[in-house]
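Reading through the structure tokens given below for one structure.
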Amino acid sequence: MTHLSRRHALAAGLGFGAAAFGGTGASARPLIALPDDLVNSDAATITAISTPSAVVAMTFDDGPHPTHTPRLLDMLRERGIRATFYLIGNRVVQYPAIARRIAEEGHEIGNHSWSHPFLDRMGDGAVIREIDQTTNAIFQITGRPPVTFRPPYGAFSRRQRTWLHGNRTLPTILWSVDPQDWRRPGSNVVARRILQNTRQGGIILSHDIHRGTIDAMPQTLDGLTGRGLTFVTVSQILGWPLWQSRNFRRVVQTG
């Protein structure tokens, strides 16, 4: 399928790569060049960060899920781990209590569009409506807007990424580790892929809508911790303040 080849072209199976996010407190700098249209020193696009300390960012896409997400949150709370959740806007509205819990327990919420479409096939007006509607929903439920964006399927052109950064100051967050958990290969495979490919400064892609992914998390989280890695949110790995500590004015985007 087209969207799968596009998605994996962005990661290219390299496991660890980056477009730099210059000037952050994380002392970001390019790691290796990725294929396709990713470039070094592009503040609009992040795949990984070169960090001065042994940190990684665990991210979960496509929620909230009514049963899997609460179970995952329990696991994270037991371990004192913060993660970043890229939530779909219409699911935030459907499960507001779970979205609120994510924020209240110290995790970051990012924008993952309203309906999970192929944004690279859409015009700018439709794209910004998808993003703004999600931002407003997250703000209404949690009291704070998302400060980063992840496109569904990773399908977002360089022009779109630059345009979004210029118009909404939202960097596009991709990933350096993709266990392909959406293929549902089984929890042991998901855990092994993450453990084998994660390096310091990595951004790990996963999905909290799949039971196998949640089943993989105890082994994954404990394994990475055992290697001396500490989990931080995407904002933290960028060198920004913790999402919950930032002061936001009311945000209502209209396109």
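Under our numbering, residues -4 to 250 are what the sequence shown spells out, in order. By construction, the Cβ of each residue, glycine as well, lies at the ideal position given by its N, Cα and C atoms.
Assumed close pair residue i, residue j - CB separation to whole angstroms, cut-off 8 Å
i: V227; j: R77; result: 6 Å
i: W109; j: Q89; result: Incorrect: roughly 12 Å between the Cβ atoms, too far for contact.
i: A94; j: I133; result: 7 Å
i: E100; j: R72; result: 6 Å
i: I259; j: T137; result: Residue numbering for the chain in the displayed model covers -4 to 250; residue 259 lies beyond these limits and cannot be assessed.
i: V51; j: T193; result: 6 Å
i: D56; j: Y81; result: 5 Å
DSSP beta-bridge partners of residue i
i: M70; result: The partner list for M70 (beta bridge, DSSP) is empty, contrary to what the question assumes.
i: V50; result: T225
i: G105; result: Y81
i: T40; result: T167
i: D127; result: Paired residues: none, contrary to the question.
i: D56; result: Y81, H202
Cβ-Cβ distance between residue i and residue j below 8 Å
i: L67; j: D203; result: yes
i: N106; j: I123; result: no
i: T42; j: W170; result: yes
i: R153; j: I168; result: no
i: T54; j: I199; result: yes
i: L224; j: Q195; result: yes
i: H205; j: A39; result: no
i: V229; j: T79; result: yes
i: P166; j: T143; result: yes
i: Q239; j: A98; result: yes
i: T111; j: I83; result: Checking the sequence, you will find His at residue 111 rather than Thr. It is a contact, given that the beta carbons lie within the stated cut-off.
Sequence-distant residues of the same chain with beta carbon closer than 6 Å to residue i, five excluded per side
i: M212; result: M70
i: S182; result: G207, D210, A211
i: R1; result: Its pLDDT being 28, under 50, R1 is placed unreliably by the model, and the measurement read from it follows with that caveat. Cβ neighbours of R1 beyond the five flanking positions: A150.
i: Q214; result: A186
i: S201; result: F55, D176, T208
i: G218; result: L190
Residues near residue i in its chain [Cβ-Cβ closer than 7 Å; skip 5 each side]
i: Q231; result: L237
i: F243; result: R139, P140
i: R86; result: G58, P59
i: R156; result: A39, T40, T167
i: P91; result: I136
i: R179; result: H205, G207
Spatial neighbours of residue i in its chain, beta-carbon cut-off 8 Å, leaving aside the 5 residues before and after
i: F113; result: H(-2), P147, Y148, A150
i: N162; result: I123
i: P61; result: Y90, I93
i: W158; result: D119
is_contact[residue i, chain B] using C-beta, thresh 8 Å
i: G218; result: Absent here is chain B; the protein component of the structure consists of one chain.
### Task
For the segment 138 to 216, list the alpha helix (DSSP H) runs that are entirely contained and at least 4 residues long, ordered along the chain.
Under the rule that a run must span 4 or more residues, the alpha helix (DSSP H) segments found entirely inside the segment 138 to 216 read 153 to 163, 182 to 192.
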